[in-house]
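Quick note: the sequence shown uses our numbering, first residue 77, plus one each step.
The beta carbon of each residue, even a glycine, is placed where N, CA and C say it ideally should be.
Take a look at the structure set out below.
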Amino acid sequence: MQIALVWFRNDLRLDDNPALRAAIDGGYVPLMVYIHAPAEEGDWRPGAASDAWRHHALAALDARLRERGSQLRCFHGPTLATLESICAAVGAEAVFWNRRYEPAVEARDTEIKRALRRSGLRAESFNGALLFEPWEIETGQGDPYKVFTPFWKRALGQWRAPRLWDAPARFETLEDDDAVPHGVPLDGLHLRPARGWDAGCWDRFTPGEPGARAALTHFLDAGLDGYGRARDLPAARGTSRLSPHLHFGEVSIARVAHAARERDAGEDGKTFVAELGWREFAHHLLHHFPRTVDENLNPRFEDFQWAPARGARLEAWQRGRTGVPIVDAGMRELWHTGWMHNRVRMIVASYLTKHMRIHWRHGARWFWDTLVDADLANNTLGWQWVAGTGADAAPYFRVFNPLTQAQRFDPEAAYVLRWLPELETLPARHRLAPWEVPAAALKSLRGYPKAPIVDLAEGRQAALDAYGKVSSRGRPEK
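This is the structure:
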C-alpha cells in the first residue's frame, strides 16, 4: 500500500482539487492533513475573522471526507517537522499540496519541498487557486503587467477550457489507522472566538464546499443577469458573495469561471468573469512585487504627506463614526458580518486615504483582521489602487465624494438605514447627509456625529494639495 499525504491549506474542497487528484491518480492511499502554523506566515498571519471562517470550513471538509470513509487530521506546526513525522509514522512516500502565493508562505513552501525531496519523499505542488499562474502572463518584453486591461486581454488570449474533476464517492483508507499520529481536535486549534462575536457572519454565509456550491448556484440563477448594474448597489444582493469561498478554496476558480461562461449571459457574464480577472491580476502583482504588501508600488509616493494616524480619528473610521453615513454603514456592515459590499469598500478606503489622508496600510490591516474574505493579494491591490500608489491605480486627483456615491448607488438610503437605524427619524432627503439638517433635528440622532470628522470639501482639497506635490515631481507611474 502506497500512501501520500494530501496537505490542505486554502484549498478546502474535494472536487477540482489537483493535489488530491494527483494522489488518487498516482495510486496512493490519500491521508488528509491540515497543519495550523500561523507564525510561519510572517507579518500577515491570518486575522480573527479569517480564523473564524477557517474553523467552519475545516469542519465542513472533515464532514465531506467522513461521508466518503475518510477524515481530516489536524495538527499544530511547525509544518516541515510535522509532515516529516507523519510520513515516518505511516510510511508515506509522497506529499502533495496546492500552491499559495503569499510571499512568506511561498518562500516557506519552497524550503519544505526541498527538504522533503532531500529526505527521499516525492513532494509535488499544483495550481489549485488560479486560472493562470502568476508568472504565465507577461508582456511582449517578458515583463510583468502593471495595468489590468492589457493583462486581461493577454490572459483571455491564453484561455483554455478548465479541467474540472469530481472527487470519488469513497476513498481508500489506511489498513492500520492507529499508526497515524492523533493530532488535535479541531477545537484544539482555537480558531473560533471565545466571545462568539462572529455570529452575524453566518447569517449571510455558509462556509465549506457545499455552501460555496449553493452560493454559486444562487448567483448563476438569480444574480448573473443584470450583474453589470446590480453589483454597484449595496442595498441589493447584486454581487456573487463568492469571495470568501474562493479565498479558502471551497470552490475552484475554474468551476466558477466555466459556469459563468456556460450561462452565456452576454455583457453581464463578461463583466463577472472580468472581476475574476482582477483576482488573477492581484496575484500576478503580488508574485512579481511582493514588497507591495507593506510598501507603495510607485516609489514616488514614499514622500507623500500622510496625516498622523491618531487613535481617535482612526478608531472613528473603524467603528463607523465618521459622520458620513455611507462610510459608517460600510464599516458597521464589516464589523457585524465580516464582509463589505465592494462599491462601499472603495468609498470607505477613499475616505480614509484621501479625505482623512491616513496611510493605506492602516486600512489594509483593519480589513485583514475583520474581513472573512481577507486575501493578501486582493487586499493589497485594492488599497493601493484607491490610494493611487499602486498598479493601474486611480489617479491622484480622483477623490471619491462619498455623498455623491451614496446618492448614485443608495439613493433611498436603504443600505445606510440598514446599518445606521439612528438616522430613520430624519427626512429621507437628509439621511445621506445629516449635517445639512437644522440643528434642532440633530437631537434625534441618538448620538450619531453631527458633522463629518473631516469636511468633504476641505478633505478633498487637502488631498489634492498633497497629491499635487507628488505629481509636480514627476507624473506617477502607471
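Presumed contact (8 Å Cβ cut-off) between Arg624 and Asp370, rounded CB distance
Lying before the first or after the last residue shown, residue 624 is absent from the chain, which here runs from 77 to 554.
Output needed for Lys554: all residues of its chain with C-beta closer than 6 Å, excluding positions within five of it in sequence on either side, in chain order.
Its pLDDT being 37, under 50, Lys554 is placed unreliably by the model, and the measurement read from it follows with that caveat. For Lys554, where only same-chain residues beyond five positions count, there are no Cβ hits under 6 Å.
N-terminal and C-terminal residue of the beta strand (DSSP E) that His112 is part of:
Val105 to His112
For Ala237, which option in Pro269, Arg149, Arg331 and Ser146 has the closest C-alpha, if you only look at C-alpha atoms?
Arg331
Using the C-alpha atoms, what's the distance from Val327 back to Arg507?
39 Å
Opposite Ala199 in the DSSP bridges: which residues?
Val171
Is it true that the CB of Pro384 sits closer than 7 Å to the CB of Val492?
no
Buried or exposed: Gln481, going by 16 or more other Cβ atoms within 10 Å of its Cβ?
buried
Continuous alpha helix (DSSP H) stretch holding His364: start and end:
Gly342 to His364
Taking all protein chains shown into account, do 16 or more other C-beta atoms lie within 10 angstroms of the C-beta of Ser319, making it buried, or fewer, making it exposed?
buried
Between Ala542 and the rest of its own chain, which residues show a CB-CB distance below 6 Å, the 5 nearest in sequence each way excluded?
Gln381
How should Asp308 be labelled, buried or exposed, when 16 other C-beta atoms within 10 angstroms of its C-beta is the threshold for buried?
buried
Report the residue ranges of all alpha helix (DSSP H) runs contained in full by the region 213-268; include only those spanning at least 4 residues, in chain order.
224-233
Buried or exposed: where does Gly314 fall if 16 or more other Cβ atoms within 10 Å of its Cβ makes it buried?
buried
Count the other CB atoms, across all protein chains shown, that sit within 10 Å of the CB of Leu240; report buried if there are 16 or more and exposed otherwise.
exposed
Contact between the region 418-426 and the region 248-262 is defined here as three or more beta-carbon pairs at a separation below 8 Å; is this criterion met?
no
Could you tell me which of Cys150, Asp254, Gly466 and Gly233 sits nearest to Arg85, measuring between CA atoms?
Cys150
Helix, strand or coil, according to DSSP, for His435 in the structure here?
coil
When the Cα of Asp167 is compared with those of Ala336, Arg198, Ala245 and Gly464, which residue comes out closest?
For clarity, residue 167 is Gly in the given sequence; the question names Asp instead. Checking every option, the nearest Cα to that of Gly167 belongs to Arg198.
State the CB to CB distance for the pair Ile529 and Thr398, rounded to an integer number of angstroms; the pair is presumed to be in contact (CB under 8 Å).
5 Å
Should Tyr177 and Leu292 be called a contact, given that it needs their Cβ atoms to be closer than 7 Å?
no
If you reduce the DSSP assignment to three classes, tell me which class Trp83 lands in.
strand
Contact set for Tyr524: own chain, Cβ-Cβ below 6 Å, skip 5 residues either direction:
Glu498
Collapsed DSSP secondary structure at Arg144 in the structure displayed
coil
Could you tell me which of His323, Ala388, Glu285 and Arg367 sits nearest to Ala136, measuring between CA atoms?
Glu285
Considering Cα atoms alone, identify which of Ser201, Glu251, Gly196 and Ala170 is closest to Arg184.
Ser201
Near Thr347, what residues of its chain come up, given a Cβ to Cβ distance below 8 Å and the 5 sequence neighbours on each side ignored?
Tyr303, Gly304 and Arg307
I want to know whether the region 185-193 touches the region 148-162 - three or more CB-CB distances under 8 Å.
yes
Taking the beta carbon of Asp486 as the centre, do at least 16 other beta carbons fall within 10 Å, making it buried, or is it exposed?
buried
For Met422, the first and last residue of its enclosing alpha helix (DSSP H)
Asn418 to Ser426
For the alpha helix (DSSP H) that Ser161 lies in, which residues bound it at each end?
Thr155 to Val166
Three-state secondary structure (DSSP) at Arg377?
The sequence shown places Phe at residue 377, not Arg. Phe377 falls in the helix class under three-state DSSP.
Could you pull out every residue in the same chain whose Cβ sits closer than 7 Å to the Cβ of Pro106, ignoring the five residues on either side in sequence?
Ala80, Val82, Leu96, Ala99, Ile100 and Phe247
Alpha carbon to alpha carbon, what distance is there between Thr249 and Glu145?
This sequence places Gly at residue 145; Glu is not what is there. If you take the alpha carbons of Gly145 and Thr249, they lie about 7 Å apart.
Whole-angstrom distance between Lys526 and Arg175, CA atom to CA atom
50 Å
Cβ separation of Ala358 and Leu207, assumed to be a contact under 8 Å, to the nearest whole Å:
Contact flag wrong, Cβ pair sits at about 12 Å.
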